[in-house]
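So the sequence shown is residues 0 to 79, counted in numbering that gives the first Met the number 0. Here's the structure we're looking at; comments come further down.
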Amino acid sequence: MTVKDIMKYIESEYNIITNTPCEMCGGNYLAENLQVNLINDMPFDVCSCICSHCGHEKAFEFYAPFIDEKNNKKFKKNLN
Numbered sequence: 000m001t002v003k004d005i006m007k008y009i010e011s012e013y014n015i016i017t018n019t020p021c022e023m024c025g026g027n028y029l030a031e032n033l034q035v036n037l038i039n040d041m042p043f044d045v046c047s048c049i050c051s052h053c054g055h056e057k058a059f060e061f062y063a064p065f066i067d068e069k070n071n072k073k074f075k076k077n078l079n
């Protein structure tokens, strides 16, 4: 995957977040923090968000296909 492809992928994640209404009040989520975490040994972008109206917090998880197997092993090692 090229850097351009990765940026398009991450941009699509932000589009999903901004188009998802808050389940508490229907407001809009704002992204606060984006991290790559391992969930069941699979790399995921985890974006911590907060509702701009009521302050409700929500984490969005997206599979991160741009972390290839070679980098995934290094990533796992760095987490341990």
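Note that beta-carbon positions come from the ideal geometry of N, C-alpha and C, so glycine has one too. Just so you know, these numbers come straight off a predicted model, no measurement behind them.
Tell me the DSSP secondary structure of residue i in three-state form.
| i | result |
| --- | --- |
| Glu-60 | strand |
| Lys-73 | Low confidence applies to Lys-73: its pLDDT is 49, below 50, so where it sits in the model is not reliable, and the reading given next is rough at best. In this structure, Lys-73 counts as helix in the three-state DSSP scheme. |
| Glu-31 | strand |
| Asp-40 | coil |
Out of the options, which has the shortest C-alpha to C-alpha gap to residue i?
| i | options | result |
| --- | --- | --- |
| Cys-53 | Val-35, Asn-27, Met-41, Met-0 | Asn-27 |
| Asp-44 | Ser-51, Ala-63, Ala-30 | Ala-63 |
| Glu-12 | Glu-56, His-55, Leu-33 | Leu-33 |
For residue i, collect the residues of the same chain with a Cβ closer than 8 Å to its Cβ; drop the 5 residues on either side in sequence, then sort them by chain order.
| i | result |
| --- | --- |
| Asn-14 | none |
When you compare only the Cα positions, how much space is there between residue i and residue j?
| i | j | result |
| --- | --- | --- |
| Asn-5 | Val-35 | For the record, residue 5 in the displayed sequence is Ile; it is not Asn. Ile-5 and Val-35: Cα-Cα distance of roughly 13 Å. |
| Pro-42 | Cys-48 | 19 Å |
| Val-2 | Thr-19 | 26 Å |
| Ala-58 | Cys-46 | 6 Å |
| Tyr-8 | Thr-17 | 15 Å |
| Glu-10 | Glu-31 | 15 Å |
In chain order, what residues of the same chain lie with their CB nearer than 6 Å to the CB of residue i, ignoring the 5 residues before and after it?
| i | result |
| --- | --- |
| Ile-0 | The question names Ile, but residue 0 in the sequence shown is Met. The answer, listed in chain order, is Phe-65. |
| Ser-51 | Gly-26, Asn-27, Leu-29 |
CB-CB under 7 Å to residue i, same chain, minus the five flanking residues each way: which ones, in chain order?
| i | result |
| --- | --- |
| Ile-38 | Glu-60 |
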